[in-house]
Every structure is written in C-alpha cells, then in structure tokens.
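Here our numbering is used: position 85 in the sequence shown is 89, and no number is missing along the way.
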Amino acid sequence: MKAGAAPPLRPPPVRGPDRVRLAVAPSSVGVVTVRSSVQWRVDRYLAREIVPPFLVAILAFLVFIGLELVISLSDTVFGRGAGAAELLRLVSFKLPTLFTYAIPAAALLATFLALGRLAADRELLAFQALGYSLRRLTAPFVAFGALASGVAFALGEYAVPPAEAAYRQELLALLYRGAVPQVQEAVFFRGLQGETYYVERTEGERLTGILVYDLTGRIYPVEGGFPTVITAGEGRFEGGTLELLAGRVLRFTADGALAEVVRFERLTVEAGEDLRQAVLGAKTPAEMSLRELGGRIDLLRRSGLDPRSFVVEYHSKIAVAAAAFVFVLFGAPLGVLLGRRGRAAGAIVGFLLAAAAQGLFVWARTLAQRGVIPPYLGPWLPHLGFGLLGLLLLLLLDRLRLRGLLPVLLLLVWGGLSGGAVPPFSSLEADELVVSEEAGALEGRGVRAEFGDYVLVAEALRAREGTTGWEIEAEVAILTSADAELHAVRLTASLGPSGELDAVTAQSFRGVSTFQGPEKEEQLLYSGEEGE
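In structure tokens form, the structure reads like this:
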C-alpha cells in the first residue's frame, strides 16, 4: 500500500439512453424558475413514457374482451340467420362499455411497463442522483391515472347509456324478429300523493289488472277514513297521465261498509313522466346516466319501491371510472419496488392484479345487491383496499426500510425452502435482489449489508456460499467499521459462518484508518491499485 493523498474514485457512468438534458439557465432567471422549468420537462418526459404502453395495452385488452363477446354472441346471431354484419353491429354497441373496463387495466399494466423500462435503463437512478425523490417521480403516473379516470367517466356518462340501450334493442329485435315486447308482472308502486297501485301485467304501454288504493282522496273523495278502491281491467300511459278504462270506484262508510260503486269507461289520473318510466322500465340501470339514476332512486324511494339495484349501479359507474386512478396509485410505487424486473414482472403482476380487482368488484357488488352489505359500499370495497395500500406504499417509498422488506422476505423464504444456510448478514437492504436457490448465491444492486462490526455499501454485490463460509464480491463499494473506512472500485471479502470478516482484497482503493497515538488520536490515509 502507498500512503498519501487518495485519488478520487469516479462512479461508473449511468447507462441508458440520454433522453433528458438538464441545462442551467442564466443566473438572472432565478433558481425557482429554473427548477420549475426542469421539473416540468421531467414530468412531460415521464408522462410520455406511459402513453405508448397504455395504447398497446388498451388495444390488447379490447381484443381479448371483444373476442369473448364475439364468441358468446355467435351462436345467437348465426342461429337466427343473421350475418357477420349484424354481429359486428352488436359488438360496436358494446365498445364504449368495453373501453370503460379496459382503461383501468391498461393504465395499471402500462405503469408497470414504463417504470420497468426506466428502472432497467438506470434512469430512475439518474433522476435520484439529480435530487428527485421516488415519490415525486411517480407523480406524473398518478396524474395520468387521474386523466384516464376522467376519460372513463366521460365515456360511462355520455357514451355508454345510449350504446347499451341500442345494444339491448338490437339484440331483442334479433331474438324476437320484430317488435320487442317489454313485459312485467305483479308490479307495485306508489303515486305522487301516496296512492298505492298494483298492476297485474304491463306489456309495452299497456297495463292490465289495475288496482288502486286512494288513501288521501286525491283521485276520488274519501269518507270515514277508509281508502277509496279503484279497479280497472285495462289502462295505458299517455305522456304523464294514466288512463284507466272500464273500471269501478268503490267507496266505504265510516264503519267500513260498502257505500257506493261507481262505474266508469275512462278515468284519467295525473302520474308524471318519471313515474311512467319507473313503472314501464323503459331503461335498465346500465342505460341511464348518473342524473337519471339519481332521479330514479329518489322516485322509487318516494313510491315505496326498493331502489337497491339502482343505488348499486349508481356507485358502480363512479367506481369503475375511478379504478384507473386507484390502480395507478397502487401500481406506481409497486412498479418502482419491482425495480429492473418491472418490465417482465409488470405484465404478470398487472394481469393478476386486474383480474383480482375485477373478481373483488363482482363479488362485492353481488353482496350489495343481495343486501349483505350497504348498496353504496359494495362497488367501493376493492378501491378501499387497493387505494389505502397504494397510499401507504407511496408515503413510504423513499424509506430504505420499506425497500429492504423485499430482500429480507426473499432471504427468509430461501432459507426456509432450500434448507441451506442463510447469508450471515444481520441486516440487508437492496434496490434489487436475485436469490438463486440451486447455486446458493445471491446478487443485488444498491446494496447495504451489515455483518459483524462492518457495514458494506455497494452499487453491485454478489455473494456465494463456500465450504467454510461466504465469498462476497462488490463493485464501487464502501466498507466501514468503527475505526476504518475503505473505498474500492472492486472488493472481495471472505466471511465466516457467523459473519466474521476473515479477509479482504481491494482493487483501486483508498481509505482511512483511525488509531490512538501516544498523545492523541491519529489517522492513516492510504491508497493503492491492489492490496489485502
């Protein structure tokens, strides 16, 4: 070893495409303006990274879901003599709905792929070196998720309802080959002033078997506190009025005896257009906008009918639109933690998470419709889980303790499954870690390991189990103890079974050793090309 001033070690260049150039503006501009301008360029650069994989992913999901729809409709369409044009027409009506379900999954998958590419090319590391926190780097992805949710909401509010109505009418017309009957039986509802209606059967605009209990005398005067009963064999809605045909009015005395029977050929009752829509069921919940659903829910509650299915549909529309934002809020920090394997693992994790979220959504929605849980809670249950976990990951993303959970878990699983010796590190944190069960080895990047009285920080580390202990190779490493610090471009260390340091070999190194001299504490500076 040669004593003297140590030459500075130059860190290896950051690999990856040189796509970001950060130039300092003249000093007259000011620090704040320069920082804001650079930050805006970085945000735009990161946002552009997610757009291409998002478009590819949404196309892939549309093709996948569309093929399932084509297969399910083929027998129905071709079995009734229709051709491919009718099939494509039906599928086209479903496209807005398919888009609303494909957007969240595509946003999640694109987030994993984009962050995986940035991590693999070491660009995330470069941004960190420039002072950007990982949490801040995920902001453009979360903003993109919010934008995707806005697009999904607009589709669900303005494109899906008319498309779903057209799809239902087209399909029913194909099935019945003519006019589409709309039949309901045994319908109860309450009128605008509290009167109760029972309709035995509705078919289109025609109602049969009508029974009305007029409690307030709105339709016909009431005497003695007993309701007036009105029956009609037939009726029909005309705009906002209900016309009863060929019926009778039964009036009762104060003691409940029948006092009068009045026959009529035609009796007109003010019902209102909203009540007409509610009774005839002209639209299904999927064919309504949020405004229409809200009005229908209010009307059903005032009419004494159960609005549960409409409440579930109301919240489902909003929850489906918000899914892209929630997925990216969860997927962005998870994609960073996956590191270099984000591109490969991201596709698998993205598909699995999207499938799991869809399954949870259907399950919770079913529970809400059956009354097991409140109708407003069912569609939001998956979002509560993913959203809270995403917020936790995002808040703790820049803390090494969180990032060290993955390596520690891998080591514990490896030791338990392989039966081999666990590496003798009392603490191990890494940005990336690969554990090989067969070879008894591990590799990591961005590693901080503690063993015995030493702490090793290295850009890259490889450890392999030998016959008497562990052999460690580290690149761009710093080895420290209570009284010494060693910097080396390449460092090799031998560890005993209990983690004690047996030997160290360093290349292109420099260091400092502190010791107690005769009068005061002394320091020894040293450097060299190779030494033990």
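Using N, Cα and C, we set each Cβ at its ideal position, and we do this for glycine too.
Contact between the region 294–306 and the region 354–361 is not established, with fewer than three Cβ pairs separated by less than 8 angstroms. Classified as exposed, S430 has fewer than 16 neighbouring CB atoms from the shown chains inside 10 Å of its CB.
Assignment of L219 by DSSP, reduced to helix, strand and coil, places it in the coil class. E274 is classed as exposed because its beta carbon has fewer than 16 other beta carbons within 10 Å across all chains shown. With a cutoff of 8 angstroms on beta-carbon distance, L499 and V516 are scored as not near each other. In terms of Cα proximity to S313, the closest of T80, I377, Q511 is I377. DSSP places T101 inside the alpha helix (DSSP H), whose first and last residues are 88–124.
Around the CB of D435, 16 or more other CB atoms lie within 10 Å, so the residue is classed as buried. Annotation for G239: no alpha helix (DSSP H) segment contains it, though the beta strand (DSSP E) segment containing it runs 232–242. DSSP places T80 in the helix class (H, G or I) of the three-state scheme. CA-to-CA, the gap between R452 and L399 works out to about 22 angstroms. R369 and I69 have their alpha carbons spaced roughly 20 angstroms apart. S320 sits buried, since 16 or more C-beta atoms from the chains shown fall within 10 Å of its C-beta.
For Y380, the three-state secondary structure derived from DSSP is coil. In the DSSP assignment, R205 falls within the beta strand (DSSP E) that extends over 200–207. A straight-line Cα-Cα distance of about 32 angstroms links A488 and L401.
Relative to V508, the option among T496, F519, G354, T518 whose CA is nearest is T496. Sorting P289, L248, V493 by C-alpha distance to the C-alpha of S531 places V493 at the top. DSSP, reduced to helix, strand and coil, places D47 within a helical segment of the structure shown. Per DSSP, the unbroken alpha helix (DSSP H) holding Y318 starts and ends at 312–342.
The three-state secondary structure of T472, taken from DSSP, is coil. Nearest Cα to F268 within the set L94, R252, L262, R514: R252.
With respect to R240, L211 sits close: the two C-beta atoms are nearer than 8 angstroms. With a threshold of 16 other beta carbon atoms within 10 Å, W384 meets it and is buried.
Counting every other CB atom within 10 Å of its CB across the protein chains shown gives R514 a total of 16 or more, marking it as buried. If you look at S431, you'll find it in the beta strand (DSSP E) that goes 431–433. For the pair H387 and V315, the CB atoms are not nearer than the 8 angstroms cut-off.
Taking a C-beta distance under 8 angstroms as the contact criterion, L77 and L91 qualify as a contact pair.
Non-local beta-carbon contacts of A152 in its own chain, meaning distances under 6 angstroms to residues more than five positions away in sequence, involve I107, A111, A328 in chain order.
Non-local C-beta neighbours of I482 in its own chain, meaning closer than 6 angstroms and more than five positions away in sequence, comprise V461, H491, ordered along the chain.
Contact between the region 118–131 and the region 50–63 is present: 3 or more CB-CB pairs across the two stretches fall below 8 angstroms.
Of all alpha-carbon atoms in L50, V366, G473, L249, the one lying nearest the alpha-carbon of L138 is that of L50. Secondary structure at Y162: helix, using DSSP grouped into helix, strand and coil. A distance below 8 angstroms separates the beta carbons of F103 and L159. Contact between E533 and S512 holds, with the beta-carbon distance rounding to 6 angstroms and staying under 8 angstroms. When the Cα atoms are used, T471 and G456 turn out to be separated by approximately 20 angstroms.
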